[in-house]
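Q:
Protein chains: 4
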Amino acid sequence: MQPGKGRKGKSFKQRLVLKSTLAKETISEFLGTFIMIVLGCGSVAQAILSRGHLGGIVTINVGFAMAVVMAIYVTGGVSGGHINPAVSFAMCLFGRMKWFKFPFYVGAQFLGAFVGAAALFGIYYDGLMSFAGGKLLIVGENATAHIFATYPAPYLSLTNAFADQVVATMFLLMIVFAIFDSRNLGVPKGLEPIAIGLLIIVISSSLGLNSGCAMNPARDLSPRLFTALAGWGFEVFTAGNNFWWIPVVGPLVGAVIGGLIYVLVIEIHHPDPDPDFETEQTEDKTDKYELSVIM
Amino acid sequence: MQPGKGRKGKSFKQRLVLKSTLAKETISEFLGTFIMIVLGCGSVAQAILSRGHLGGIVTINVGFAMAVVMAIYVTGGVSGGHINPAVSFAMCLFGRMKWFKFPFYVGAQFLGAFVGAAALFGIYYDGLMSFAGGKLLIVGENATAHIFATYPAPYLSLTNAFADQVVATMFLLMIVFAIFDSRNLGVPKGLEPIAIGLLIIVISSSLGLNSGCAMNPARDLSPRLFTALAGWGFEVFTAGNNFWWIPVVGPLVGAVIGGLIYVLVIEIHHPDPDPDFETEQTEDKTDKYELSVIM
Amino acid sequence: MQPGKGRKGKSFKQRLVLKSTLAKETISEFLGTFIMIVLGCGSVAQAILSRGHLGGIVTINVGFAMAVVMAIYVTGGVSGGHINPAVSFAMCLFGRMKWFKFPFYVGAQFLGAFVGAAALFGIYYDGLMSFAGGKLLIVGENATAHIFATYPAPYLSLTNAFADQVVATMFLLMIVFAIFDSRNLGVPKGLEPIAIGLLIIVISSSLGLNSGCAMNPARDLSPRLFTALAGWGFEVFTAGNNFWWIPVVGPLVGAVIGGLIYVLVIEIHHPDPDPDFETEQTEDKTDKYELSVIM
Amino acid sequence: MQPGKGRKGKSFKQRLVLKSTLAKETISEFLGTFIMIVLGCGSVAQAILSRGHLGGIVTINVGFAMAVVMAIYVTGGVSGGHINPAVSFAMCLFGRMKWFKFPFYVGAQFLGAFVGAAALFGIYYDGLMSFAGGKLLIVGENATAHIFATYPAPYLSLTNAFADQVVATMFLLMIVFAIFDSRNLGVPKGLEPIAIGLLIIVISSSLGLNSGCAMNPARDLSPRLFTALAGWGFEVFTAGNNFWWIPVVGPLVGAVIGGLIYVLVIEIHHPDPDPDFETEQTEDKTDKYELSVIM
Chain A
1 MQPGKGRKGK
11 SFKQRLVLKS
21 TLAKETISEF
31 LGTFIMIVLG
41 CGSVAQAILS
51 RGHLGGIVTI
61 NVGFAMAVVM
71 AIYVTGGVSG
81 GHINPAVSFA
91 MCLFGRMKWF
101 KFPFYVGAQF
111 LGAFVGAAAL
121 FGIYYDGLMS
131 FAGGKLLIVG
141 ENATAHIFAT
151 YPAPYLSLTN
161 AFADQVVATM
171 FLLMIVFAIF
181 DSRNLGVPKG
191 LEPIAIGLLI
201 IVISSSLGLN
211 SGCAMNPARD
221 LSPRLFTALA
231 GWGFEVFTAG
241 NNFWWIPVVG
251 PLVGAVIGGL
261 IYVLVIEIHH
271 PDPDPDFETE
281 QTEDKTDKYE
291 LSVIM
Chain B
1 MQPGKGRKGK
11 SFKQRLVLKS
21 TLAKETISEF
31 LGTFIMIVLG
41 CGSVAQAILS
51 RGHLGGIVTI
61 NVGFAMAVVM
71 AIYVTGGVSG
81 GHINPAVSFA
91 MCLFGRMKWF
101 KFPFYVGAQF
111 LGAFVGAAAL
121 FGIYYDGLMS
131 FAGGKLLIVG
141 ENATAHIFAT
151 YPAPYLSLTN
161 AFADQVVATM
171 FLLMIVFAIF
181 DSRNLGVPKG
191 LEPIAIGLLI
201 IVISSSLGLN
211 SGCAMNPARD
221 LSPRLFTALA
231 GWGFEVFTAG
241 NNFWWIPVVG
251 PLVGAVIGGL
261 IYVLVIEIHH
271 PDPDPDFETE
281 QTEDKTDKYE
291 LSVIM
Chain C
1 MQPGKGRKGK
11 SFKQRLVLKS
21 TLAKETISEF
31 LGTFIMIVLG
41 CGSVAQAILS
51 RGHLGGIVTI
61 NVGFAMAVVM
71 AIYVTGGVSG
81 GHINPAVSFA
91 MCLFGRMKWF
101 KFPFYVGAQF
111 LGAFVGAAAL
121 FGIYYDGLMS
131 FAGGKLLIVG
141 ENATAHIFAT
151 YPAPYLSLTN
161 AFADQVVATM
171 FLLMIVFAIF
181 DSRNLGVPKG
191 LEPIAIGLLI
201 IVISSSLGLN
211 SGCAMNPARD
221 LSPRLFTALA
231 GWGFEVFTAG
241 NNFWWIPVVG
251 PLVGAVIGGL
261 IYVLVIEIHH
271 PDPDPDFETE
281 QTEDKTDKYE
291 LSVIM
Chain D
1 MQPGKGRKGK
11 SFKQRLVLKS
21 TLAKETISEF
31 LGTFIMIVLG
41 CGSVAQAILS
51 RGHLGGIVTI
61 NVGFAMAVVM
71 AIYVTGGVSG
81 GHINPAVSFA
91 MCLFGRMKWF
101 KFPFYVGAQF
111 LGAFVGAAAL
121 FGIYYDGLMS
131 FAGGKLLIVG
141 ENATAHIFAT
151 YPAPYLSLTN
161 AFADQVVATM
171 FLLMIVFAIF
181 DSRNLGVPKG
191 LEPIAIGLLI
201 IVISSSLGLN
211 SGCAMNPARD
221 LSPRLFTALA
231 GWGFEVFTAG
241 NNFWWIPVVG
251 PLVGAVIGGL
261 IYVLVIEIHH
271 PDPDPDFETE
281 QTEDKTDKYE
291 LSVIM
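Protein chains in written order, with full-length UniProt numbering: chain A, 1 to 295; chain B, 1 to 295; chain C, 1 to 295; chain D, 1 to 295.
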C-alpha cells in the first residue's frame with residue numbers, strides 16, 4: 001500500500017497470491033489433510049513401532065484428535081477445515097457449501113492424505129525397516145499396515161462393520177452440527193476446533209474397537225493405497241474380507257444421517273430461524289447461494 | 001421469508017417444526033441421554049471388550065465425561081442438557097424449572113437411555129457375542145453387564161453404597177450450581193459443558209471405586225433393564241444384594257443436598273441478589289414462574 | 001423486590017444471609033478446602049484401594065488438579081479460592097489481602113481439610129477396612145496412610161525434602177501470579193481455575209516424585225492429623241524422619257520466593273503500572289487498603 | 001502516583017525497574033526457558049527415576065507441553081514467550097522481531113536452559129544418586145542422561161535423525177503461525193498458550209519416537225552441556241554417532257520451512273492483508289520496523 005516499501009518483494013508476493021477463492025480452499029484442504037495424516041497416523045506409528053512403550057490408546061486417541069484440531073486451526077479460516085469427504089458431502093447436502101466445490105475439496109483431501117502417508121513413511125523409514133527385519137507386514141504382531149489404514153477386529157462381520165462406520169460418523173456429524181450451531185449453546189468463537197478434538201477423543205474411545213473409527217474416506221483410502229504401493233502389497237485391500245470400501249462408503253451414509261438427525265430433532269425447531277438455513281430441506285437447490293460457513 | 005424460494009421445502013419443514021416448547025425439550029432430552037449412553041457406556045465397552053488393550057480407566061473416565069459434554073452441546077440450548085433425572089429434580093426443587101415439565105424430562109431421559117443401550121448393544125453385537133463364547137455374563141472375568149449398568153465393589157455394604165451415591169451426586173450438583181452461578185467466578189459462556197466434563201472426570205477418578213459413580217437414575221436403570229431383557233437375565237437386578245435401586249434413589253437425595261449446600265453456603269450470601277433467584281427457598285411455589293436456565 | 005412474592009421465604013432467607021464479608025470468606029474457604037480434599041485425596045484413594053486397576057499416576061494428577069479447579073469455581077468469587085495457607089500467606093505479604101483475614105482463612109482451610117479427610121474416610125470406609133484385613137497401615141504394600149498425607153521417597157534426605165517443597169511451591173506461586181496478572185498475556189476471565197489446574201498437573205507430573213508435591217500446609221497436616229486420630233496412629237508424624245513439618249513450613253517459604261521472583265523479574269517492569277500494585281514492596285503496610293483480588 | 005504512600009518502597013522499586021525493553025525481554029526469556037526445563041525435563045525425570053511407576057509417556061508428553069504453556073503465560077506478555085532459538089530465528093526471518101534482539105533472546109534461552117538443568121539436578125539430587133548406585137549413566141536401563149537431553153533411537157540413521165528434527169519443527173512453526181494468525185480461525189486471546197500446549201502434545205505423541213522431539217536448540221544443548229559437566233561426562237556429545245548437533249541445527253532449518261509453508265500456502269492469500277505483514281517476503285529489511293508480536 002505504501003509506495004517505496006519493499007516494492008520488489010510485494011510484486012513477487014503479488015504474483016504468488018491466489019486470486020481464486022476455490023484455489024485457496026483447495027490448497028488449504030490439501031494442507032489440512034496432510035497435517036492430520038502425518039500427526040494423526042504418526043500417533044499410531046509411535047505406539048506400534050515402540051511396541052507400546054512410547055504410546056498407547058491414550059496417546060493415539062488424544063494425538064489423532066489434536067491432529068484434527070491443529071489441521072482445523074491451520075485451514076478453518078480459509079476452507080472451513082473439512083479435511084474429510086464425508087464432512088464436505090454433508091455440507092453440500094445441507095446447503096452449507098456449493099456442490100461445484102465438492103470435487104475440488106475431495107480431490108485435495110485424498111491427495112493430501114496420500115502425500116501425508118508418504119511423508120510419515122519417510123519420517124519413520126528407519127523405524128519401519130527395523131521393526132520386522134525389513135518386512136512390511138499386514139497381519140501378526142509385527143504388522144505395521146494399521147499405522148496407515150484401519151482394519152476390522154477379528155470378530156467383526158461385514159454388516160456390523162458397515163453399521164459401525166455409519167453410526168460413528170453419524171455421531172461425528174450430528175455433534176459437529178451442534179458445535180457450529182450458534183442458536184444452540186454455542187462453543188465460543190475460535191474454540192470450535194478444540195470442541196471437535198474432544199468429540200473425536202470420545203468417539204475413538206467408545207466406538208473405536210470394531211475397526212479403528214476412520215469416519216473419513218480420505219483418511220483411510222489414501223494411506224491404504226500408499227501402503228499398497230510402498231511395499232505392503234495389495235493385500236491391504238483384500239484384508240478383512242475386502243474391508244477397504246467400508247470406511248469409504250459408511251462415513252458418507254453416516255454423515256447424511258447424522259446431519260439429518262441434528263437438523264430434524266434440534267435445528268429446525270429453534271424459535272428464531274436464521275434465514276440462511278431455512279431452505280436446508282431443499283437439498284437440490286443449495287448451489288443457488290454461497291454460504292461462508294466454518295465447517 | 002422470501003417468496004418463491006423453496007416453497008415446497010418450507011411447507012414440509014413447517015409441518016415438521018414443533019410448536020410446543022415442552023415437546024422440543026422432551027425430544028432434546030431423549031437425544032441427549034441417548035448420546036450420553038452410546039458414547040459413555042461405549043467407552044466402558046471398548047475397555048472391557050478389548051480386555052484393557054484399547055481402553056482403561058483413563059479412556060473410560062475421559063470418554064464418559066466427554067460424552068456428557070457432547071450431549072450438553074447438542075441439547076443445552078433447547079432443554080438445558082439435564083440428561084439426568086437427579087439434575088431435573090434439583091432444578092425443579094430450586095425453582096429453576098417448572099414441576100409440570102418434570103415427568104416429561106424424566107420420561108425422555110429414561111427412554112433415551114434405554115434406546116441408547118440398545119443401540120450400543122447393536123454396534124458391539126459381534127464383539128459381545130465373541131467375548132464369552134456367546135454368553136452374556138454378569139459376574140466373573142468375562143462379565144459384560146457392567147458395560148451398561150453399575151455394580152458395587154465386593155467389599156461394599158448397602159449403607160456405604162447408598163452414602164456413596166448420595167455423596168457423589170452431592171458434589172456433582174453443588175459444583176454444577178457453581179459453574180452456572182454467574183455471580184461467582186463464572187465459566188465463560190459456551191464453555192460450561194467442558195467445565196462439567198472436567199467435573200465428571202474428577203468425580204469418577206476419586207469417587208468411582210465403590211460402585212462406578214452412576215449419579216444418574218436414567219443412566220443406570222434403563223441400561224440395566226435393557227440388559228435384563230437382552231439376554232443377561234433379571235439377575236442384573238438382584239446382583240450386589242439388590243443394588244439396582246441405589247443409583248436410582250441415592251442420586252435424588254444427593255442432588256438435593258448438593259444444591260442446598262451450594263445455595264446456603266455460597267449463593268444466598270452474594271451481595272447483589274439476582275431477583276430470579278430470590279424465592280428459591282420457597283420450594284413449593286416454583287411453578288409460578290418460568291425460568292429459562294441452562295441447566 | 002416485588003412485594004407479595006415469597007414473603008415468608010425471603011424473611012427466612014434473610015435470616016440466613018451473612019452480613020459479614022469475612023464470615024462469607026471464611027465459610028467459603030472451609031468449603032473449598034473440603035472439596036479439594038475429598039476429590040483430590042479421593043483420587044489417590046481410588047488408585048491405591050484398587051491397587052492400580054482403577055487409577056494411577058494420570059488419574060491422580062488430573063484428579064487432584066481438577067479437584068482444585070472445582071474448589072476454585074465454587075469459592076473463587078467469594079473468597080478468592082486460596083484453599084492453601086501458603087497462598088493466603090503470599091497474598092497478604094504482597095498486599096493482595098489484609099493481614100487480619102489471614103487467621104480466619106488459614107483456620108478455615110485447616111478445618112475444611114480435616115473434615116474433608118473425615119468425609120473421605122467415611123466414603124471409603126468399607127474399602128479401607130477390607131484393603132489390609134481391617135488394619136490401617138503406614139508403610140508396606142498395604143499402606144493407606146499416603147491416601148491422606150504425603151510421605152517422602154525412601155531415598156530422600158531431609159535437606160532435599162525441604163528444598164523440594166520450597167521449589168515446588170515457588171513454581172506454583174510464581175505461575176499463579178502470572179495467571180492472574182492482567183498486564184501479562186492474560187488468561188481469559190473465568191478460565192483462570194483451569195489454567196491453575198493445568199499448572200498443578202505439570203508440577204505434580206514433574207516435581208511429585210520426591211514427596212508427592214503437597215505444596216499446601218492444610219492439605220497435608222490436617223489429613224495427617226485425622227489419620228493419627230482415626231486409627232493409623234501417631235507414627236504418621238514420626239514417619240520419614242519426622243517429615244510432617246516439611247510440607248507445612250516449606251510451602252510458606254516457597255510461596256514467598258515464588259511471588260518475589262514473579263514480582264521482581266516480570267511484574268514491576270510492566271510499562272503501565274497498575275496503581276493497586278505499586279506499594280507491593282512495602283510489605284508491612286498492606287493492611288492499609290483492601291484489595292479485592294481473585295487469588 | 002499518590003504522594004505519601006509507600007515513598008521509600010516506591011523509590012526502592014523504581015531503582016529495580018528495568019528501563020530497557022530489551023533488558024526486560026532478555027530476563028523474561030531466561031525465566032521462561034528456566035521454567036520449561038525444570039518442569040519439562042522434570043516430567044521426564046519423574047518417569048525415569050520412578051522406573052515408570054509415577055510417570056510414563058502420557059505424563060511426559062502432557063507435562064512437557066504444560067511446562068511450555070506455563071512458561072509462555074509467565075513471559076508471553078513481556079518477550080513473546082519464544083523460549084526457543086528456532087522460534088526466535090523464524091520470528092526474525094519473517095519480520096516479526098528485529099534481528100538485533102536475536103543474540104539477546106538466544107543467549108538468554110541457552111543460559112536459562114542451563115540453569116534450569118542445574119536446578120533440576122539439585123531437586124532430584126538424592127533420586128539421581130540412589131538410582132544407579134551413585135553412577136550417572138548415559139546408556140543402559142539405569143541411564144539418566146536422557147532426563148536432560150534427547151538421544152536417538154538405536155535404529156535411527158543420521159539422515160533420518162536430521163529429517164526428523166526438521167519435519168517436527170516444521171510442523172511446530174507452521175501451526176504456531178496459524179495459532180497467532182488472527183485472520184485465520186483465531187484462538188481466543190489469552191488461550192494461545194494452551195493451543196500451543198495441545199500442539200506440543202500431538203507432536204510429541206506422533207513424532208517423538210525417533211529422537212524425543214527436542215525441536216529446540218536451547219532445550220537440548222544446554223542441558224546436555226550441563227550433564228557433561230555434572231558427572232555424566234562428555235560422551236553425552238559423542239553418543240548416538242555425535243547426535244548432539246542435530247537438535248541444534250535441524251530445528252533452525254525446520255522452523256524456516258514451517259514458517260514459509262504457512263505464509264505461502266495460507267497467509268499471503270488472505271483477502272484483506274494486514275499491512276504489518278506485507279513485507280514479510282523481504283526478509284533482509286525486517287529491522288526497519290518493530291513489530292510487537294506475541295510469538
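Note that the Cβ used here is the ideal one computed from N, Cα and C, for glycine as well. Since this is a predicted model, take the numbers as computed values, not measurements.
Going residue by residue through the stretch 161-241 of chain A, where are the continuous alpha helix (DSSP H) segments of at least 4 residues, counting only ones entirely within it?
A: Counting only runs of 4 or more, we get 192-206, 217-227.
Q: Give a yes or no on whether the minimum CB-CB distance between Ile268 of chain D and chain A is below 8 Å.
A: Here residue 268 of chain D refers to the residue found at position 268 when the fourth sequence is read from its first residue. Ile268 of chain D counts as touching chain A.
Q: If you count every other CB in all the chains shown that lies within 10 Å of the CB of Glu141 of chain B, and 16 or more means buried, which is it?
A: Taking the first residue of the second sequence as 1, we reach residue 141 of chain B at position 141. The residue in question, Glu141 of chain B, is exposed, as its Cβ has fewer than 16 Cβ neighbours within 10 Å.
Q: Once the 5 residues before and after Gly240 of chain D are set aside, which same chain residues still bring their CB inside 6 Å of it?
A: As a first step, residue 240 of chain D is located in the fourth sequence; it is residue number 240 there, counting from the start. Around Gly240 of chain D: Tyr151, Pro152.
Q: Does Ala149 of chain C come out as helix, strand or coil in the three-state DSSP assignment?
A: For this step, residue 149 of chain C is matched to residue 149 along the third sequence. If DSSP states are grouped into helix, strand and coil, Ala149 of chain C belongs with coil.
Q: Bridge partners of Ala143 of chain A, per DSSP?
A: The residue labelled residue 143 of chain A in the question sits at position 143 within the first sequence. DSSP lists A:Leu137 as partners of Ala143 of chain A.
Q: Could you work out which residues of chain B lie near Gly63 of chain C, taking near to mean beta carbons separated by less than 8 Å?
A: Counted from its first residue, the third sequence places residue 63 of chain C at position 63. Ordered by position in chain B, the residues that pass the 8 Å Cβ test against Gly63 of chain C are Ile201, Val202, Ser205, Ser206.
Q: With DSSP collapsed to three states, give me the class of Val44 of chain D.
A: For this step, residue 44 of chain D is matched to residue 44 along the fourth sequence. DSSP places Val44 of chain D in helix when its eight states are reduced to three.
Q: Applying the criterion that 16 or more other CB atoms from any shown protein chain within 10 Å of the CB defines a buried residue, is Lys24 of chain A buried or exposed?
A: Within the first sequence, numbered from 1, the residue matching residue 24 of chain A stands at position 24. Flag for Lys24 of chain A reads buried.
Q: Can you give me the C-alpha to C-alpha distance between Gly42 of chain A and Gln46 of chain D, rounded to a whole angstrom?
A: Counting from 1 along the first sequence, the entry for residue 42 of chain A is found at position 42. Counting from 1 along the fourth sequence, the entry for residue 46 of chain D is found at position 46. If you take the alpha carbons of Gly42 of chain A and Gln46 of chain D, they lie about 25 Å apart.
Q: Anything in chain D within Cβ reach of Pro188 of chain C, meaning under 8 Å, just list it in chain order.
A: Numbered from 1 along the third sequence, position 188 holds the residue referred to as residue 188 of chain C. By Cβ distance, chain D contributes Pro188, Lys189, Gly190, Leu191.
Q: Check whether the stretch 96-115 of chain B and the stretch 203-211 of chain B touch, using three or more Cβ-Cβ pairs below 8 Å as the test.
A: The stretch 96-115 of chain B, when compared against the stretch 203-211 of chain B, does not touch it at the 8 Å Cβ threshold.
Q: Is it right to say Pro223 of chain B is buried, meaning 16 or more other beta carbons lie within 10 angstroms of its own, or is it exposed?
A: Translated into the one-based positions of the second sequence, residue 223 of chain B becomes position 223. Classification of Pro223 of chain B: buried, given that the 10 Å Cβ count is 16 or more.
Q: When you compare the CB of Met174 of chain A with every CB in chain B, is at least one pair closer than 8 Å?
A: As a first step, residue 174 of chain A must be located in the first sequence, where it is residue number 174. Chain B, which has a Cβ nearer than 8 Å to the Cβ of Met174 of chain A, makes this yes.
Q: List in chain order: all unbroken beta strand (DSSP E) runs of 3+ residues lying wholly within the stretch 20-103 of chain A.
A: As far as the stretch 20-103 of chain A is concerned, it has no whole beta strand (DSSP E) run of at least 3 residues.
Q: To which residues of the same chain is Phe234 of chain A closer than 6 Å at the C-beta, ignoring the five residues directly before and after it?
A: By 1-based counting over the first sequence, the position of residue 234 of chain A is 234. Closer than 6 Å at Cβ, skipping near neighbours: Ala228.
Q: Among A:Leu260, A:Ala108, A:Gly250, A:Ile179, whose alpha-carbon lies nearest the alpha-carbon of Glu192 of chain A?
A: On the first sequence, residue 192 of chain A is found 192 positions in, with the first residue counted as 1. Taking only the C-alpha atoms, the option nearest Glu192 of chain A is A:Ile179.
Q: Within the same chain, show all residues whose beta-carbon is closer than 6 Å to that of Leu221 of chain C, passing over the 5 residues directly before and after it, in chain order.
A: If you number the third sequence from 1, residue 221 of chain C lands on position 221. Result list for Leu221 of chain C: Val248, in chain order.
Q: The alpha helix (DSSP H) spanning Ala255 of chain B covers which residue range?
A: As a working note, residue 255 of chain B is residue 255 in the second sequence. Looking at the DSSP string, the run of the alpha helix (DSSP H) that includes Ala255 of chain B is 246-265.
Q: Can you tell me whether Lys101 of chain B is buried or exposed? The criterion is at least 16 other CB atoms within 10 Å of its CB, across all chains shown.
A: Stepping through the second sequence from its first residue, residue 101 of chain B is reached at position 101. By the 10 Å Cβ count, Lys101 of chain B comes out buried.
Q: Below 8 Å, how does it come out for the stretch 70-81 of chain D and the stretch 256-274 of chain C: are there three or more Cβ pairs, yes or no?
A: Touching, yes, given that three or more Cβ pairs across the two stretches are closer than 8 Å.
Q: Closer than 7 Å: is that where the CB of Leu111 of chain D sits relative to any heavy atom of the ligand SAM?
A: Here there are no bound small molecules, and the ligand SAM is not part of this structure.
Q: For Ala119 of chain B, I'd like the list of residues in its chain whose CB is within less than 6 Å of its CB, leaving aside the five on either flank, ordered along the chain.
A: As a first step, residue 119 of chain B must be located in the second sequence, where it is residue number 119. Around Ala119 of chain B: Val38.
Q: Check whether the stretch 79-86 of chain C and the stretch 53-64 of chain C touch, using three or more Cβ-Cβ pairs below 8 Å as the test.
A: Segments in contact, no.
Q: Examine chain C for any beta-carbon lying closer than 8 Å to the beta-carbon of Phe114 of chain B, and answer yes or no.
A: Working through the second sequence from its first residue, we reach residue 114 of chain B at position 114. It does not: the Cβ of Phe114 of chain B has no partner Cβ on chain C nearer than 8 Å.
Q: Any Cβ of chain B within less than 8 Å of the Cβ of Tyr125 of chain C?
A: Your numbering for residue 125 of chain C matches position 125 in the third sequence. Chain B, which has a Cβ nearer than 8 Å to the Cβ of Tyr125 of chain C, makes this yes.
Q: Ignore the nearest five residues each way along the sequence and tell me which others in Gly197 of chain C's own chain have a CB closer than 8 Å to its CB.
A: Reading the third sequence from its first residue, position 197 is the one you call residue 197 of chain C. Excluding residues within five positions, the ones whose Cβ falls inside 8 Å are Ala65, Met66, Val68, Val69.
Q: Whole angstroms is fine: what's the gap from Thr169 of chain A's alpha carbon to Leu260 of chain A's?
A: For the purposes of this step, residue 169 of chain A is taken as residue 169 along the first sequence, with counting starting at 1. For the purposes of this step, residue 260 of chain A is taken as residue 260 along the first sequence, with counting starting at 1. Their backbone Cα atoms lie some 12 Å apart in a straight line.
Q: Along the chain, where does the alpha helix (DSSP H) that runs through Tyr124 of chain C open and close?
A: Mapped onto the third sequence, residue 124 of chain C falls at position 124. Here Tyr124 of chain C belongs to no alpha helix (DSSP H), and DSSP marks it neither H nor E.
Q: For Glu290 of chain C and Cys92 of chain C, what's the separation of their Cα atoms in angstroms?
A: Locating residue 290 of chain C in the third sequence gives position 290, where the first residue counts as 1. Locating residue 92 of chain C in the third sequence gives position 92, where the first residue counts as 1. Note that Glu290 of chain C scores 33 on pLDDT, short of 50, meaning its location in the model is unreliable; the coordinates nonetheless yield the value given after this. Computed Cα separation, rounded: 11 Å.
Q: Rounded to the nearest angstrom, what separates Phe226 of chain D and Ala113 of chain D at their Cα positions?
A: For the purposes of this step, residue 226 of chain D is taken as the residue at position 226 of the fourth sequence. For the purposes of this step, residue 113 of chain D is taken as the residue at position 113 of the fourth sequence. Cα-Cα distance, rounded: 9 Å.
Q: Under 7 Å Cβ to Cβ from Ala255 of chain C, same chain only, skipping five residues before and after it: list those, please.
A: Residue 255 of chain C sits at position 255 when you count from the first residue of the third sequence. Within the same chain, Ala255 of chain C has close Cβ partners Ala86, Val87, Phe89, Ala90, Thr169, Leu173.
Q: Between the C-alpha atoms of Gln281 of chain C and Gln14 of chain D, what's the straight-line distance to the nearest angstrom?
A: Stepping through the third sequence from its first residue, residue 281 of chain C is reached at position 281. Stepping through the fourth sequence from its first residue, residue 14 of chain D is reached at position 14. At Gln281 of chain C, the pLDDT of 40 sits below 50, so the modelled position is not reliable; the number obtained from the coordinates is stated separately. Cα to Cα, the separation comes out at about 11 Å.
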